[in-house]
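Per numbering that gives the first Met the number 0, the very first residue in the sequence shown carries number 0; after that it's consecutive. The C-beta atom is built at its ideal place from N, Cα and C for all residues, glycine as well. These numbers come from a predicted model, not from an experiment. To keep things clear, I will list the structure first and then write my remarks on it.
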Amino acid sequence: MTPDADPQSALVNTGLQWVNVTDPPDAERTLIVLGVARSGTTMVAGALQQLGVDMMGGQKPNPVFEDLELGHALEAGDGTLASRLIRERDAGAAVWGWKRPSAIGYMRRSERLFRNPCYVVVFRDLLAIANRNRISVQANLLDNLDETLAHYRRLLAFLRRSRRPMLLVSYEKAMLDRRAFVDALARLAPLPTADQRVAAEEFIRTNSEAYLVSARNWRAQGELSSVEADRIMGWAYVPGDASPVVVRLTINGRLFGTQVADLPRPPLKARGQHPTGLCGFNFRLPLNKRLQAGDRVSVRVVGEAQDVRLSPRRHRPEPESASESAPQRD
């Protein structure tokens, strides 16, 4: 994990920078991928997975390489469950990883839960991020630029306070020189083989985050089935593709979080609508974020320009008469 000692290497801008490095590195460590949504965190996590680092907590694969069980526990503020899950991951591997773009909102208080955390932080051109959001989810370009900049400021404030080792990565430079990027990641992985290094480079070439997002544009189907004070449920999928999609939940215009839609929905399978029925989502809201009357809820498949069916909706906690039973839309 120690940077190259060659003086000439200091003159070359590789887009990679080590901070707070230790020599030798901790034999047991947790690799935590941080960054703004759509900045390339999926690309980083996927490359680490190819290098032999379990990024999904031993769970079945998902397209964003996230340990969803652990992510949901941390986002809900359930420290007891999160600690138990982390201990299980620690017992299973000396080196494992975790990625969640929204983690910066709670990483400061959660850092102590992880064993020897080491951060891989990806930075991407602000306009590229905002323009991708404009194309994919019809976000206002200037507003999204401002939002992305604010997120990066929060991220930088956290990095300044942390004394843990970290690798800072330029997304654009990594895409231009995949081998140098993979070589840097390989210093963090548990002795990757030559074949794993090749697989990581190939993954970056064919499965970058931009590719995954653009490949899914405009084709998904779904429904916002239920809006309750403590949970939002429904289903979503891409016709002809059994792999799960990622959905994003917005409450009153602010992003709450993302989730892989892979929960069982037997009726969809029974009707022949989905081959496995594993296309449901269930967002659980912590006590301090329960919906209030009139809150506006929106669910959309990441990469799509429109919400799923019956979205957006207003939360209506009181019992409704028969004449008012249909979901209210804006």
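N-terminal and C-terminal residue of the beta strand (DSSP E) that residue i is part of
i, result
"residue 253", "253-259"
"residue 55", "No beta strand (DSSP E) contains residue 55, which DSSP labels as neither H nor E."
"residue 279", "277-283"
"residue 307", "It is not in any beta strand (DSSP E) - residue 307 carries neither H nor E in the DSSP assignment."
"residue 15", "15-18"
Distance CB(residue i)-CB(residue j) smaller than 9 angstroms
i, j, result
"residue 199", "residue 184", "yes"
"residue 224", "residue 158", "no"
"residue 219", "residue 244", "yes"
"residue 32", "residue 96", "yes"
"residue 88", "residue 66", "yes"
"residue 297", "residue 285", "no"
"residue 195", "residue 50", "yes"
"residue 170", "residue 122", "yes"
"residue 173", "residue 179", "yes"
"residue 23", "residue 186", "no"
"residue 346", "residue 229", "What the structure shows of the chain is the stretch from 0 to 329, and residue 346 is not part of that stretch, so it cannot be assessed."
"residue 261", "residue 59", "yes"
"residue 280", "residue 255", "no"
"residue 307", "residue 227", "no"
"residue 101", "residue 257", "yes"
"residue 341", "residue 57", "There is simply no residue 341 to check, as the chain begins at 0 and stops at 329 in what is shown."
"residue 152", "residue 107", "no"
Cross-strand partners of residue i (DSSP beta bridge)
i, result
"residue 235", "221"
"residue 98", "32"
"residue 240", "237"
"residue 122", "169"
"residue 300", "246"
"residue 116", "29"
"residue 263", "277"
"residue 226", "231"
"residue 186", "Its beta-bridge partners do not exist; DSSP assigns none."
"residue 295", "313"
For residue i, the nearest candidate out of the options (CA to CA)
i, options, result
"residue 234", "300, 15, 182 and 67", "300"
"residue 104", "155, 224 and 239", "155"
"residue 81", "88, 72 and 305", "72"
"residue 127", "114, 148 and 203", "148"
"residue 11", "176, 237 and 144", "176"
"residue 141", "125, 272 and 26", "125"
"residue 116", "26, 144 and 204", "26"
"residue 238", "277, 39, 253 and 231", "277"
"residue 84", "162, 55, 253 and 47", "55"
"residue 249", "272, 21 and 231", "231"
Nearest-angstrom beta carbon gap, residue j and residue i [assumed within contact, 8 angstroms]
i, j, result
"residue 165", "residue 18", "5 angstroms"
"residue 330", "residue 251", "Only positions 0 to 329 of the chain appear in this structure, which leaves residue 330 out of reach."
"residue 64", "residue 41", "6 angstroms"
"residue 246", "residue 14", "Not quite, the Cβ-Cβ distance comes to about 32 angstroms (not below 8 angstroms), so this is no contact."
"residue 94", "residue 120", "Their Cβ separation, rounded to whole angstroms, is 18 angstroms, which puts residue 94 and residue 120 out of contact at 8 angstroms."
9 angstroms Cβ cutoff, residue i in contact with chain D
i, result
"residue 260", "Structure shown: chain D not included; a single protein chain is present."
Extent of the continuous alpha helix (DSSP H) run through residue i
i, result
"residue 85", "78-91"
"residue 109", "106-109"
"residue 41", "40-49"
"residue 68", "67-74"
"residue 157", "140-160"
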